[in-house]
Amino acid sequence: MANIDAITKKYISDPVIFADAFNYLLYNGKQKIKASSLQPVDTTEITVPYGNGAKIPIQKYRDNLKIWATMHDGKTVFVLLGCENQTKINYAMPVRDMLYDSINYAAQVEASRKSYKDFKFDTNGVKITLTSNEFLSGFRKGDKLIPVITAVILFDPKQWDAPTSIHEMLDVDEELLPFIPDYRINLISPDMIADDEFTTREHDGKFHTGFGTLMQIIKHKDEICTADIIRNAPDVDPASADIIEEFSNVKFQRIINENGGVNMCKGMEIYTLNTEIKGAVTILRDMGIPDDDIFKQVSKTYNVTVEYVKEIMIPKAV
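Per the numbering used here, residue 365 is the first one in the sequence shown, and the count goes up by one each step.
Set out below in C-alpha cells:
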C-alpha cells in the first residue's frame with residue numbers, strides 16, 4: 365500500500381468528505397455542515413512564546429483544519445474544525461489534541477492583542493479604547509474566541525484501547541480530579557460504528573459519501589470478504605473509490621454514473637472480466653495463435669464483441 369498517512373490526509377481534506385465525517389460526529393448524520401461553508405485554514409500551529417524568556421515558538425502541524433461558517437440567532441458564527449487521521453492507535457492522543465487546540469486559542473488571543481496594537485478603530489469605525497486590564501490581557505472583556513473542535517479518525521480495525529481523556533492518563537487521588545481540567549478527544553473509530561449506521565444500496569445510514577463505506581470496509585476487513593461490502597455499497601465519489609481500492613485490495617474499473625458517482629459493484633465485475641480476458645489472450649498468444657483468431661475465440665468464450673477484446677488488448681496488439 366502507498367503512503368497511507370498521505371493518502372488519508374489528502375482524502376479527508378476533501379470538503380465533501382470532511383463535512384460528512386463531522387456531520388456524523390456532531391449531528392448524528394444530519395446534513396448541517398455543508399461543504400460549501402468550509403474554507404481551508406493553514407494547518408501550521410505556532411505557539412505563542414509566553415514567559416520564561418522564550419523566543420523560539422513551537423511549531424506543530426495538524427492533518428486538516430477548516431473554518432466553518434454557520435448561522436446562529438440570525439448572525440454568522442465561525443467554528444474551527446480540525447481533524448487528526450490515525451492509522452495507528454496513539455496512547456497520548458488527548459495530550460496531542462489538547463496541545464493543538466490550546467495553541468489555536470492562544471494564537472487567537474495573540475491575534476487580538478496585535479490587532480489592538482495595530483488598529484485604532486474597529487470594523488464599525490468606532491475608536492478602540494482599552495482598560496488597563498484589557499491592555500495587559502490583549503483581549504477585551506466582550507471579546508469571544510472562535511471555538512475549536514478536533515476529530516480523531518482511526519483508519520484501523522482495532523478497538524481503540526488508548527485513553528480518550530486527560531483524566532484517564534492520570535494516576536491521582538480522585539478527590540483531586542475536580543480541580544484538574546479534563547480534555548476529551550472526539551473519536552471516529554470503525555470499531556465503534558454500529559452496522560446499521562453504514563449506508564448501503566438497500567439501507568439509508570448516517571453517511572452520505574463513500575467515507576461510510578470506507579469505515580465499514582476497515583471495520584470488517586479481517587472478518588468478511590470486503591468484495592461483498594463493495595457489492596452492496598451505494599455509488600461513491602471518485603475520491604472515496606480510490607481510497608477504498610487501497611484499503612480493500614479489491615480492484616475495479618471506474619464506472620461513472622450520470623451523477624458522477626462510481627459504481628464499484630459493476631466496476632468490480634468488469635475488472636474481473638477484463639482480467640480473465642487478458643489472461644486468456646496471453647495464454648493463446650504464448651501458443652503462437654494469430655491475434656485475429658485469438659480475439660474471435662475469446663470474444664465467443666466471454667460473450668463479448670471482438671472490438672471489446674481489442675480495446676482491452678490494444679497496448680499488446682501487434
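Cβ coordinates follow ideal geometry from the N, Cα and C atoms, glycine included.
Just so we're clear, the structure is a prediction, and the values are computed from it rather than from any experiment.
Alpha carbon to alpha carbon, what distance is there between residue j and residue i?
i, j, result
"asparagine 638", "isoleucine 381", "31 Å"
"lysine 430", "lysine 674", "48 Å"
"glutamine 661", "threonine 669", "10 Å"
"isoleucine 376", "valine 626", "18 Å"
"glutamine 403", "threonine 665", "53 Å"
"lysine 374", "alanine 603", "9 Å"
"tyrosine 414", "aspartate 369", "Only weak support exists for where tyrosine 414 lies, its pLDDT of 45 falling under 50; the value from the coordinates is given anyway. The straight-line gap from Cα to Cα measures roughly 33 Å."
"lysine 642", "arginine 595", "23 Å"
"phenylalanine 432", "phenylalanine 499", "The question names phenylalanine, but residue 432 in the sequence shown is tryptophan. Taking the straight line joining both Cα atoms gives about 30 Å."
"glutamine 749", "threonine 646", "Residue 749 falls outside the range modelled here, since the chain spans only 365 to 682, and no answer is possible."
"alanine 591", "arginine 548", "36 Å"
"alanine 471", "isoleucine 678", "58 Å"
"proline 521", "threonine 451", "10 Å"
"serine 529", "isoleucine 634", "47 Å"
"lysine 396", "valine 516", "20 Å"
"aspartate 507", "histidine 572", "37 Å"
"phenylalanine 543", "histidine 531", "11 Å"
"methionine 365", "lysine 585", "Here the model assigns methionine 365 a pLDDT of 49, short of 50, so the residue's position is not dependable, and the following value carries that caveat. Each residue's alpha carbon lies about 15 Å from the other."
Quick check on residue i: does DSSP put it in helix, strand or coil?
i, result
"serine 663", "helix"
"glutamine 580", "helix"
"glutamate 448", "strand"
"tyrosine 391", "helix"
"leucine 463", "helix"
"proline 404", "strand"
"tyrosine 375", "helix"
"tyrosine 547", "coil"
"leucine 518", "strand"
"valine 668", "coil"
From the DSSP secondary-structure annotation, give me the bridge partner or partners of residue i.
i, result
"methionine 435", "Thr440"
"isoleucine 593", "Beta-bridge pairing links isoleucine 593 to no other residue."
"valine 600", "Val626"
"lysine 430", "Pro404 and Leu445"
Just to check my reading of the structure: residue i and residue j have Cβ atoms closer than 8 Å, yes? What is that Cβ distance to the nearest angstrom?
i, j, result
"arginine 618", "alanine 605", "7 Å"
"alanine 526", "methionine 462", "Contact flag wrong, Cβ pair sits at about 14 Å."
"glycine 446", "valine 512", "7 Å"
"isoleucine 581", "serine 612", "5 Å"
Under 8 Å between the Cβ atoms of residue i and residue j?
i, j, result
"isoleucine 510", "phenylalanine 442", "yes"
"isoleucine 371", "isoleucine 653", "no"
"phenylalanine 575", "alanine 385", "yes"
"leucine 518", "serine 553", "yes"
"threonine 514", "aspartate 465", "yes"
"aspartate 555", "lysine 583", "yes"
"valine 473", "phenylalanine 503", "yes"
"glutamate 448", "aspartate 482", "no"
"lysine 570", "asparagine 392", "yes"
"methionine 579", "isoleucine 593", "no"
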